[in-house]
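Below is one structure, written out as structure tokens; comments come after it.
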Amino acid sequence: MKILFEDNHLLGIEKPVNVPTQEDVSGDPDLLNLLKADIKERYQKPGNVYLGLVHRLDRPVGGAMIFAKTSKAASRLSEAVRSRNFDKIYVAVVRGTPPQAKGRLIHHLLKDERTNTVSVVPKGTPSSKEAILDYSVLGASSLDNELTLVRVELLTGRSHQIRVQMNAIGCPLYGDQKYGVAQNKPGQQIALWSLYVGFPHPVTTEHVKLISLPPRELPWNRWEEELYTKALTQS
1 MKILFEDNHL LGIEKPVNVP TQEDVSGDPD LLNLLKADIK ERYQKPGNVY LGLVHRLDRP
61 VGGAMIFAKT SKAASRLSEA VRSRNFDKIY VAVVRGTPPQ AKGRLIHHLL KDERTNTVSV
121 VPKGTPSSKE AILDYSVLGA SSLDNELTLV RVELLTGRSH QIRVQMNAIG CPLYGDQKYG
181 VAQNKPGQQI ALWSLYVGFP HPVTTEHVKL ISLPPRELPW NRWEEELYTK ALTQS
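Its first residue numbered 1, the sequence shown is counted upward by one per residue in the UniProt record's numbering.
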């Protein structure tokens with residue numbers, strides 16, 4: 001597993017696709033326990049290893065992700081998330097073209113725990129949560145004009161947020177078998193990638209930047225790598 005950042009307080013990695021972030025009903029090996037085992041082996045640590053989960057990525061999503069190696073770091077990073085001092089930038093390949101080249105999406109989302117699905121509901125719906133993201137179009141595919149590469153910056157962290165909100169404007173994610181099943185084929189890998197995670201270090205307060213570029217395979221390789229790098233500085 002590619003390590004993007006590590007010190008005594010933090011562990012930043014590139015999450016592989018199709019690995020659950022934490023233990024779930026599938027019983028498949030999960031990222032949290034895999035990393036604990038890795039730390040235990042690399043540092044010959046006796047007993048249990050602490051690793052705090054600060055944010056999550058859906059199972060089929062890959063890219064930059066940070067974990068806390070101490071409870072103090074976990075608490076301070078969680079506070080950074082709550083105070084929106086924790087930046088998360090994604091790239092996604094969507095079907096169709098968003099109605100505007102850039103914009104802010106605000107929806108209210110309700111999760112059905114029984115089916116693990118999220119839907120857009122009217123404001124004020126009991127148990128619903130406000131979801132906000134900013135998006136901008138990076139470019140259309142020269143090989144398939146039905147595909148568009150977008151940059152997404154999350155301002156809230158709701159379950160399945162990007163997938164549901166982009167689908168709500170008529171642009172389901174490439175490969176999304178849950179929210180874009182009518183336009184995607186079975187077996188296609190969802191095209192959503194955690195490009196950047198940035199936050200103040202919980203101890204030193206220096207700004208930590210984790211960067212992970214998507215793999216050079218379909219559909220990501222339909223755009224030049226420089227475009228992904230450009231997305232890091234675009235506002």
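Using N, Cα and C, we set each Cβ at its ideal position, and we do this for glycine too. In this text the structure is predicted, and so the values were computed from the model without any measurement.
6 Å CB neighbourhood of residue i in its chain, flanking five on each side removed
i: PRO214; result: TRP193 and TRP220
i: MET1; result: ILE13
Residue of the options minimising C-alpha distance to residue i
i: ALA68; options: ASP30, ASP58 and PHE5; result: PHE5
i: THR229; options: PRO200, HIS160, LEU138 and GLU146; result: LEU138
i: VAL164; options: LYS178, ARG151, GLU153 and LEU155; result: LYS178
i: PRO60; options: SER78, THR21 and GLY47; result: THR21
i: LYS111; options: GLN44, LYS129 and VAL91; result: LYS129
Pair within 8 Å by beta-carbon distance, residue i and residue j
i: LEU109; j: ARG158; result: yes
i: GLU14; j: GLY52; result: no
i: LEU31; j: VAL19; result: yes
Spatial distance of residue i from residue j (CA atoms)
i: ILE39; j: GLY103; result: 41 Å
i: ARG114; j: SER142; result: 40 Å
i: ARG216; j: ALA140; result: 17 Å
i: VAL54; j: VAL208; result: 14 Å
i: GLY96; j: THR148; result: 7 Å
i: GLU225; j: ALA74; result: 33 Å
Reduced DSSP category for residue i - H, G, I as helix; E, B as strand; rest coil
i: ARG163; result: helix
i: VAL25; result: coil
i: TRP223; result: coil
i: THR233; result: helix
i: TYR228; result: helix
i: GLU113; result: coil
i: SER136; result: strand
Beta-carbon proximity list for residue i, same chain, < 8 Å, skipping 5 on both sides
i: THR70; result: ASN8, HIS9, TYR50 and GLY52
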